[in-house]
Amino acid sequence: MLDRLGENVFAAVLRAHQLHARVTDNITYCGNWTDRDAATDRGLFHLLDSGSCWVESAVLPEPLRLQAGDLIMFPHGHGHTLCNALSQPIEAGAAPGATIMLCGEFTFATGRHNPILDALPDWFVLRADNADAGFRTLAQLLATESGKGNFGSEVVLDKLADAFFVMALRSYIERAENRRGLLAAIFDPRMARALHVIHTQPGKPWTVASLAEVALQSRTAFAQQFSDLLGISPIDYLTRWRMTEAARTLRDPRRSVAAIAEQFGYQTEAAFRRAFKKLHGFGPGKIRREAAHAAQSETVNEDD
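Going by numbering that gives the first Met the number 0, the sequence shown opens with residue 0, and the numbers climb by one from there.
And the structure:
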């Protein structure tokens with residue numbers, strides 16, 4: 000069971016990296032059919048509204064059979080094939096009749112590398128008969144709204160898809176036997192305590208020793224366990240989080256770079272700029288310019 004501190008860390012990371020999910024297709028397949036999805040830099044998902052199908056992919060140990068209400072996700076966008084029957088069946092093909100499927104994708108505003116995405120496997124399946132009532136209700140609502148095509152449906156679907164992804168992710172995390180990365184760390188009460196203060200107080204002058212004290216561990220044990228779970232040192236993780244939050248804050252034109260540097264624990268603006276560029280590959284000025292350009296575009300659109 001994930002405790003409150005672990006939930007807070009999960010929510011903070013998800014908000015900071017700005018998830019966007021959307022339904023791309025609502026497809027009805029009949030007869031013999033095959034649909035191939037090429038590899039992409041976006042996460043992909045398929046939700047069966049009715050019928051059944053097979054899924055094949057190089058990352059799957061064997062073909063998977065999906066039934067109505069099942070969901071499969073490829074978080075890292077691996078290529079795969081959907082079909083009604085296998086060319087060399089390992090059992091009988093899909094039942095006759097139509098198969099209706101919602102297809103979608105998801106991205107993060109900060110790109111392909113973030114602690115949540117890095118912690119997800121190449122694929123996972125959520126079965127309808129194991130899902131909770133809330134997940135099944137939202138899946139049905141998503142399918143129903145997708146089939147209407149009413150005014151405003153695209154906006155509604157985007158909002159529903161975001162919530163659907165989070166619920167799917169929550170279901171996966173709760174049931175996963177071999178969690179890794181951040182998703183393993185937030186279930187460890189000691190790591191969750193340390194991660195919570197990093198995420199809520201990133202500007203404090205944290206050291207490995209002070210974070211270990213929060214985690215109620217020795218410095219050596221804490222540093223080792225943190226690195227084992229998250230793949231980087233506590234201070235590197237702290238720096239990445241500071242720079243992630245700084246990138247968001249820089250979009251506010253009312254905040255000076257010097258003030259933001261101080262907020263995130265840097266004694267000088269120059270030190271902050273160096274750290275920011277080292278991690279992101281570009282300076283804070285690029286974020287400022289992009290935000291200003293976006294604001295100007297919105298103003299022009301409103302005038303039109």
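Glycine is no exception: its CB is placed at the ideal position from the N, C-alpha and C atoms.
Keep in mind that this is a model prediction, so the values were computed, not measured.
Would residue i and residue j qualify as a contact pair, given that the criterion is a beta-carbon distance under 8 Å?
i, j, result
"ARG21", "ASP157", "yes"
"HIS195", "CYS102", "no"
"LEU181", "ALA108", "no"
"ALA97", "CYS29", "yes"
"ALA84", "ASN31", "yes"
"HIS79", "ASP36", "yes"
"PHE105", "LEU47", "no"
"GLN223", "MET190", "no"
"VAL256", "GLU244", "no"
"ASP161", "ARG111", "no"
"CYS82", "TRP53", "yes"
"LEU125", "ALA167", "yes"
"ALA138", "PHE164", "no"
Any idea which residues DSSP pairs residue i with across the strands?
i, result
"ARG21", "GLU104"
"ILE71", "HIS45 and VAL124"
"HIS79", "ASP36"
"LEU65", "CYS52"
"ILE26", "MET100"
Give me the Cβ distance between residue i and residue j, rounded to the nearest whole Å; I'm assuming they're in contact under 8 Å.
i, j, result
"MET72", "GLY50", "Not quite, the Cβ-Cβ distance comes to about 19 Å (not below 8 Å), so this is no contact."
"ILE172", "VAL12", "Actually they do not touch by this definition, with Cβ atoms about 12 Å apart."
Under 7 Å Cβ to Cβ from residue i, same chain only, skipping five residues before and after it: list those, please.
i, result
"SER152", "GLU144"
"ALA91", "Low per-residue confidence applies at ALA91: pLDDT is 44, beneath 50, and the placement is therefore not dependable enough to give any value."
"LYS276", "GLY282"
Identify, in the order they occur along the chain, each residue of the same chain with its Cβ nearer than 8 Å to the Cβ of residue i, setting aside the five sequence neighbours on each side.
i, result
"ARG239", "ILE231 and LEU278"
"TYR265", "PHE271 and ALA274"
"PRO201", "LEU237, TRP240, ARG241, GLU244, PHE263 and GLY264"
"ALA192", "Residue 192 is actually Arg in this sequence, not Ala. Only LEU4, VAL213, ALA214 and LEU215 meet the Cβ criterion."
Return the chain-ordered list of same chain residues with a C-beta closer than 6 Å to the C-beta of residue i, the five sequence neighbours on each side being excluded.
i, result
"PRO120", "none"
Open item on the list: Restricting to runs no shorter than 4 residues, where is the alpha helix (DSSP H) found entirely within the region 209–235?
Closed with: 218–229
TODO: Only counting runs of 4 or more residues, tell me where the alpha helix (DSSP H) segments fall wholly within the region 247–301, in order along the chain.
DONE: 256–262 and 268–279
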